[in-house]
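Number of protein chains: 2
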Amino acid sequence: MSTINSELKALTTSWEAANKARDVDAILGHYAEDLVAFDAILQLQFKGREVYKAHWKNCLEMCQGPMTFEVHQLQQWGEGDVGFGHFLCHCGGTDNEGNTHNCWMRVTQGYRRIGGQWRIVHDHFSAPFDPESGQALFELQP
Amino acid sequence: MSTINSELKALTTSWEAANKARDVDAILGHYAEDLVAFDAILQLQFKGREVYKAHWKNCLEMCQGPMTFEVHQLQQWGEGDVGFGHFLCHCGGTDNEGNTHNCWMRVTQGYRRIGGQWRIVHDHFSAPFDPESGQALFELQP
């Protein structure tokens, strides 16, 4: 594995751990200040780290209890100070009765090395939908 | 604008024109053979150009009549042989009575220069959903 690939893999591993720990400051510490995010819910896009942080806090409140947040099928490429990656994310929470509610989401991220540090400058989370019903598809398995 | 940015912009402009023209062969000519696509509908992912081509044909059949397919708010980065970009796509079709049905989708693409040519190796199309109803949100405006 090239040095850049190792660095991008380390960024993703650290970001995944911050998500599992539900640590919003640590999660957002992986992003660039001027990020553009296409998140799975509510809005077309979120611009800037502070706006995205407020949204992420809301998301964690919706998703209570012990967190599932696993990166699968990761592929990443980088050269110089630019890279991107994509993966499937198995994620969800646990309700008050201890039942887990997980699904598979698709995630794509764009990376730039800024001031010597790799940062996520763009991410895109989504679930596909059924074109007949317009319903997001949460039962799909990879 | 750097040479790479001009090349990536040209790739996107050509891909956009192929989409407007509903020309599946021309659209898929912009992709790498071993692409991984996270499309907006039906499946978590599509692997390989032939599989994605069959899916794209189905999509165009669902979306009849004169095509709307416009790239907005494009941002792209590239270095060496690796790049990525994201944009909003205003897209849709026209029904038998001449009524247009358009919406805004989010698109992220990963690029690699293969054999001297920039190719899309990954794309991710989506609409966000409402977390309460699970319905995809087609009325959002940028």
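In the order they appear, the protein sequences are chains A and B.
No gaps in the numbering here: position 24 of the first sequence is 24 in the numbering used here, and each next residue is one more.
In the numbering used here, each residue's number is its place in the second sequence (first place is 1) plus 1000.
Backbone N, C-alpha and C fix where the C-beta goes; we use that ideal spot for every residue, glycine too.
Since the model is a prediction, treat every value here as computed from it, not as a measurement.
Please classify residue i: does DSSP put it in a helix, a strand, or coil?
{"i": "A/S126", "result": "strand"}
{"i": "A/M62", "result": "helix"}
{"i": "B/L1088", "result": "strand"}
{"i": "B/A1040", "result": "coil"}
{"i": "A/D34", "result": "strand"}
{"i": "A/A18", "result": "helix"}
{"i": "A/L140", "result": "coil"}
{"i": "A/E97", "result": "coil"}
{"i": "A/E70", "result": "strand"}
{"i": "A/S6", "result": "helix"}
{"i": "A/D23", "result": "coil"}
So residue i contacts chain A; which residues on that side make the cut at Cβ distance below 9 Å?
{"i": "B/V1071", "result": "Within chain A, no residue comes near B/V1071; the closest Cβ sits about 14 Å away, beyond 9 Å."}
{"i": "B/L1042", "result": "P128, F129, D130, P131, L137, L140"}
{"i": "B/R1049", "result": "Neighbours of B/R1049 on chain A: none; closest Cβ ~16 Å, over 9 Å."}
{"i": "B/W1104", "result": "L44"}
To the nearest angstrom, how far is the alpha carbon of residue i from that of residue j?
{"i": "A/D60", "j": "A/H90", "result": "Here residue 60 of chain A is Leu; the residue named in the question, Asp, does not match the sequence. Rounded to whole angstroms, A/L60 to A/H90 spans 15 Å at the Cα level."}
{"i": "A/H30", "j": "A/A10", "result": "11 Å"}
{"i": "A/Q117", "j": "B/W1077", "result": "17 Å"}
{"i": "B/A1017", "j": "B/K1053", "result": "17 Å"}
{"i": "A/E79", "j": "A/E7", "result": "11 Å"}
{"i": "A/N99", "j": "A/T68", "result": "12 Å"}
{"i": "B/A1021", "j": "B/T1108", "result": "21 Å"}
{"i": "A/W104", "j": "A/V24", "result": "21 Å"}
{"i": "B/L1137", "j": "A/Q43", "result": "8 Å"}
{"i": "B/H1086", "j": "B/G1048", "result": "21 Å"}
{"i": "A/Q64", "j": "A/H124", "result": "22 Å"}
{"i": "A/T12", "j": "A/M62", "result": "23 Å"}
Just the chain A side, please: which residues come within less than 8 Å of residue i by C-beta, in chain order?
{"i": "B/F1046", "result": "Result: empty, since nearest Cβ-Cβ is about 10 Å, beyond 8 Å."}
Interface residues of chain B around residue i at Cβ under 8 Å?
{"i": "A/V36", "result": "Q1075, H1086"}
{"i": "A/G134", "result": "Q1135, A1136, F1138"}
On the DSSP bridge list, what partners appear for residue i?
{"i": "B/Y982", "result": "For residue 982 of chain B there is no data in the structure shown, the boundaries of chain B being 1001 and 1142."}
{"i": "B/R1106", "result": "B/L1088, B/S1126"}
{"i": "A/W77", "result": "A/F84"}
{"i": "A/Q135", "result": "B/Q1135"}
{"i": "B/K1047", "result": "B/V1036"}
Starting from residue i, find everything on chain B with Cβ-Cβ shorter than 7 Å and list it in chain order.
{"i": "A/M62", "result": "P1131"}
Can you name the residues of chain A whose CB is closer than 7 Å to the CB of residue i?
{"i": "B/T1100", "result": "The premise fails here: B/T1100 is roughly 17 Å from chain A at the closest Cβ pair, so nothing lies under 7 Å."}
{"i": "B/D1039", "result": "P128"}
{"i": "B/R1022", "result": "The premise fails here: B/R1022 is roughly 17 Å from chain A at the closest Cβ pair, so nothing lies under 7 Å."}
{"i": "B/D1081", "result": "E79"}
Please list, in chain order, the chain B residues whose beta carbon lies closer than 9 Å to that of residue i.
{"i": "A/T108", "result": "F1038, F1084, H1086, T1108, Q1109, G1110, H1122, D1123, H1124"}
{"i": "A/W118", "result": "The contacting residues do not exist; A/W118 stays about 13 Å from chain B at best."}
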